[in-house]
Each structure stands twice: as structure tokens, then as C-alpha cells.
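So the sequence shown is numbered by this note's numbering: it starts at 2 and just counts up by one.
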Amino acid sequence: MRTVFYVFAAVLALALAAFVWDPPNRLVGTHSATVLGNESEFANNVTDRQYVHVLLEDGRNVRAVVWGQNARPIPEGSRVVVRQFETLIFQRSFYEVQGSSEKR
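What follows is the structure, encoded as C-alpha cells:
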């Protein structure tokens, strides 16, 4: 009986962890976008994150992340390629800048 309880508790704990930890893991597609503005956030000593507000080709204004130890602001008006991810359970969308061609 005790083994059944432990197995049930383990399955319940894994199900709860899946709802709490819902990483973006499904690539939905890529979009062409224009940078509207920048905001910075220093994550920790190892990783910097740079957030940019972009206007997608379909008219949506979204917040996208630029990853990298030397992530720097992207000039306003630059064209970027943005990848859209969705989470597995709640299907929330996350956007990540894949590349940019800075405005000269």
C-alpha cells in the first residue's frame, strides 16, 4: 500500500511541476519585424538579456528577447527576424530576436 502511495505522490508532483514550469518549447514560426524601442535587464553575472519592443509584419506590437553575454540595444527602425515560441501547457507566446540588419 505504501508503494502505491509513493507512486501516486510522485505522479502528482510531476504533474504539478509541469504546470509550474512551462518552458517555451514549440517553435510556431518566424516573423519579420521593426524595432520600436529597447529596454535592458541584467539577469546575473553570466547572462545578459536585452528586451526590444517590435512591430510584427501583421501589426502586432510584442516584446522580444535578445540573448547573449554582449546583448546590446538594437537601434530603433532596424529590421529584425523574430522567432515565436509557444509553451506546451498554457500555450503562451514568447518572442526571440534571431537576427537583425541595423538601419544605417
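Backbone N, C-alpha and C fix where the C-beta goes; we use that ideal spot for every residue, glycine too.
Source: prediction; values computed, not measured.
### Task
May I ask you to list the residues that DSSP assigns as paired with residue 73?
Position 72 of the sequence shown, counted from the start, is the residue given in the question as residue 73. Under DSSP, residue 73 forms no beta bridge with any residue.
### Task
Throw me the rounded Cβ distance for the residue 78 and residue 31 pair, which I believe falls under 8 Å.
Within the sequence shown, residue 78 is the residue found at index 77, counting from 1. Within the sequence shown, residue 31 is the residue found at index 30, counting from 1. Cβ atoms of residue 78 and residue 31 stay farther apart than 8 Å, at about 20 Å.
### Message
What would DSSP say about residue 80, mapped onto helix, strand or coil?
### Response
In the sequence shown, the residue the question calls residue 80 occupies position 79. In this structure, residue 80 counts as strand in the three-state DSSP scheme.
### Collapsed DSSP secondary structure at residue 47 in the structure displayed
Start at 1 with the first residue of the sequence shown, and residue 47 comes out as number 46. At residue 47, the pLDDT of 47 sits below 50, so the modelled position is not reliable; the number obtained from the coordinates is stated separately. When DSSP states are grouped into helix, strand and coil, residue 47 belongs to the coil group.
#### Entry: Enclosing beta strand (DSSP E) for residue 64 [first to last residue]
To locate residue 64, count along the sequence shown from 1; it is residue 63. For residue 64, the enclosing beta strand (DSSP E) starts and ends at 62-68.
### Task
Using a threshold of 8 Å, state whether the C-beta atoms of residue 97 and residue 80 are closer than that.
Start at 1 with the first residue of the sequence shown, and residue 97 comes out as number 96. Start at 1 with the first residue of the sequence shown, and residue 80 comes out as number 79. It is not a contact, given that the beta carbons lie outside the stated cut-off.
### Message
Using a Cβ-Cβ cutoff of less than 7 Å, which residues in the same chain neighbour residue 5 once the five nearest sequence positions on both sides are dropped?
### Response
As a position in the sequence shown, residue 5 is number 4, starting the count at 1. The same chain holds no residue with a CB closer than 7 Å to that of residue 5 once the five nearest residues on each side in sequence are set aside.
### Cβ neighbour criterion (16 or more within 10 Å) applied to residue 19
On the sequence shown, position 18 is the one that residue 19 refers to. Classification of residue 19: exposed, given that the 10 Å Cβ count is below 16.
### Query
Per DSSP, what kind of secondary structure is residue 1 in: helix, strand or coil?
Lying outside 2 to 105, the shown extent of the chain, residue 1 is not represented and no answer is given.
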